[in-house]
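Novice: Chains as they are written, first to last, in the working numbering: chain A, 1 to 401; chain B, 1001 to 1175. Virtual Cβ for every residue (Gly too), placed ideally from N, Cα, C. Every value quoted in this text rests on a predicted model; they were computed, and no experiment measured them.
Here you go:
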């Protein structure tokens, strides 16, 4: 009830008359009020309530701006279900500051009911819900009343943002979630704009570094040897100086072949350092680290790695029975792995994947795969206990009973 | 109770995990079967209750803190069942009879004993066979009643003996 205002019954500029209904009672939440047997006029912006005959004469009446309404429903009919619904429930948002005086200052309820003595006219209900949904007040310029009270109206804060904020009920929750999504979306797209700009600059950066390095080479005499070496090492750490990008290829498959070639070139040395085998996730990190800014997606990398064998690279993609994907040097054969692992087993008595990963300097995932491989070839046996999975030299086969 | 000499596998932790590698597994199961048979033979038992297996030192090595799980034991017992060295007593496969000789072997052993003692065509009670003074030193002395009856029934099928019931006692007549 505290959302109602006293106002003279006149239409504002841009406001349209929609519908009229008679014999209407107002409830403040569940409570009856003194406003009975009145006349209701629905406009595109407000609901007006007045004593019969007052509204056409332009006398003072009650006004409920529609921007307070965020949800309306028909109250289910009386105990015996006779005569169809008679009341419309309007769920209201909180009262806004700067509101004109009304019949109540505070109200414990967040809804009001309009009770229609003759039942709800479906057309009225429809017009009301359409008016609420149309939000005519958001489109038009701020309401200016023709009366002298215009000053008061103009101080009213913009309605729309408040309208979609603090709301109770499921609708309120849904709206706030929606808003959060929108905000996240925006911040993501802003973030990526920056990234895109960075990537546009990447090529320039590379070319600048190239010209610098050629200049250095030409003017070898001017700069000391030390400086040159240091600067070169900086340049090296910039990574691949001409990353293979999708733009330079006509089709995806060409792109993948190019990418595969590059991966094979750059990974050979790395793989040798790491014992000949590396999980695909690590490969992805290495490749992107080297590329710097022209990043490749995991999917592109996977597709490129699948082609490694066909382009005759010294390594290939391998999928373990457990589903783990690795890049493996061709020289790294199962038998080799099993033999070295079983040697480690003999030396240590038993090994868990974690322990092996520390000993052999590989990831735990790969260490586990190595142990499984060794087991598959009958050179190890497993021990599952509460302490976890461990592997032992396969005494069952080697030791005669 | 005679002291059991544990095989080396008993103190080898992987022994208590069923191995996935086929060849290894075969060796492991073989070792288990040997161990179970030896243990039961030494302790003169014929049945294993899977549910209570963990209380038995064979399946629970406290020194290396390893236990054979019930599922693993069931795998071993079923493997033994395939070669006729064990058979489930109940349908839920909780209790198993383990034969440290196959039923045929038992039957032959009993028959040979009867023949060599000149007991053919005479009736002797099962009690005599199991607990009698004559059989001390024989392997089937103190053999589980159920196993004994099964062995004799197998022999009966071959027509070399006949099981006889009298009063509340059971006897057997060798031919």
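(1) Do the CB positions of residue 1123 of chain B and residue 1172 of chain B come within less than 8 Å of each other?
(2) Return the CA-CA distance between residue 255 of chain A and residue 299 of chain A, expressed in angstroms with no decimal places.
(3) Mind the definition here: the segment 1003-1012 of chain B touches the segment 362-378 of chain A only if three or more C-beta pairs lie below 8 Å; say whether that holds.
(4) Nearest chain A C-beta to residue 1141 of chain B closer than 8 Å, yes or no?
(5) What is the DSSP secondary structure of residue 71 of chain A, reduced to helix, strand or coil?
(6) Around the Cβ of residue 374 of chain A, are there at least 16 other Cβ atoms within 10 angstroms (buried) or fewer (exposed)?
(7) Comparing alpha-carbon positions, which option in A:60, A:245, A:257, A:108 lies nearest residue 29 of chain A?
(8) Using a Cβ cut-off of 8 Å (strictly closer), state whether residue 1041 of chain B contacts chain A.
(9) So that I know if they touch, is there some Cβ in chain A lying closer than 8 Å to that of residue 1160 of chain B?
(10) Starting from the beta carbon of residue 399 of chain A, find every residue of chain B whose beta carbon is closer than 8 Å, and list them in chain order.
(11) Cutting at 8 Å between CB atoms, please list the residues of its own chain near residue 1109 of chain B, excluding the five before and the five after it.
(12) Are there 16 or more other CB atoms within 10 angstroms of the CB of residue 1111 of chain B, so buried, or fewer, so exposed?
(13) Contact criterion: CB-CB distance below 8 Å. Does residue 1063 of chain B meet it with respect to chain A?
(14) Mind checking the segment 1060-1092 of chain B against chain A and listing, in chain order, the residues whose C-beta falls within less than 7 Å of any C-beta there?
(15) With DSSP run on the structure shown, which of helix, strand or coil describes residue 185 of chain A?
(16) Between which two residues does the alpha helix (DSSP H) containing residue 54 of chain A stretch?
(17) Given that residue 1024 of chain B touches chain A, what residues does it touch there, using C-beta distances under 7 Å?
(18) Leaving out five residues before and five after residue 1064 of chain B in sequence, what residues of the same chain have Cβ atoms less than 7 Å from its Cβ?
(19) Hey, would you say residue 277 of chain A sits closer than 8 Å to residue 358 of chain A, going by beta carbons?
(20) Would you say the segment 1014-1024 of chain B touches the segment 1066-1082 of chain B, given that touching needs at least three Cβ pairs under 8 Å?
(21) Once the 5 residues before and after residue 102 of chain A are set aside, which same chain residues still bring their CB inside 8 Å of it?
(22) Based on DSSP bridge pairs, tell me the residues matched to residue 1161 of chain B.
(23) What are the boundary residues of the alpha helix (DSSP H) that residue 1107 of chain B is part of?
(24) Which class does residue 381 of chain A belong to by DSSP, given the choice of helix, strand or coil?
(25) Is residue 305 of chain A buried or exposed, if buried means 16 or more other CB atoms sit within 10 Å of its CB?
(26) Do you know offhand how far residue 158 of chain A's Cα is from residue 96 of chain A's?
(27) Based on Cα-Cα distance, which residue from A:381, A:179, A:245, A:290 lies nearest to residue 1027 of chain B?
(28) Between residue 136 of chain A and residue 207 of chain A, is the Cβ-Cβ spacing less than 8 Å?
(29) Alpha carbon to alpha carbon, how far is residue 248 of chain A from residue 290 of chain A?
(30) Closer than 7 Å by C-beta to residue 338 of chain A: which residues in its own chain qualify, once you throw out the five before and the five after it? Chain order, please.
(31) Can the beta-carbon of residue 1086 of chain B be found closer than 8 Å to that of residue 1097 of chain B?
(32) Taking only beta-carbon positions, decide if residue 375 of chain A is within less than 8 Å of chain D.
(33) Among the residues of its own chain, which have a CB less than 8 Å from the CB of residue 264 of chain A, if the five just before and after it don't count?
(34) Along chain B, in chain order, which residues have C-beta atoms closer than 8 Å to that of residue 385 of chain A?
(35) Check whether the Cβ atoms of residue 1154 of chain B and residue 1084 of chain B lie closer than 8 Å to each other.
(36) Determine contact between the segment 14-25 of chain A and the segment 34-53 of chain A, defined as no fewer than three beta-carbon pairs at a distance below 8 Å.
Specialist: Let me spell this out:
(1) yes
(2) 13 Å
(3) no
(4) no
(5) strand
(6) buried
(7) A:108
(8) no
(9) no
(10) 1008
(11) 1101, 1138, 1139, 1140
(12) buried
(13) no
(14) 1066
(15) helix
(16) 54-57
(17) 378, 381, 394, 396, 397
(18) 1011, 1013
(19) no
(20) yes
(21) 1, 2, 3, 4, 5, 6, 62
(22) B:1174
(23) 1103-1116
(24) strand
(25) buried
(26) With a pLDDT of 46 at residue 158 of chain A, under the threshold of 50, the predicted position of this residue should be treated as unreliable, though the coordinate-derived value follows. If I take the Cα positions, the gap works out to 10 Å.
(27) A:381
(28) no
(29) 19 Å
(30) 373, 374, 377, 379
(31) yes
(32) The question asks about chain D, but that chain is absent: this structure's protein chains are A and B.
(33) 308, 311, 313, 314, 315
(34) 1013, 1016, 1017, 1065, 1066
(35) no
(36) yes
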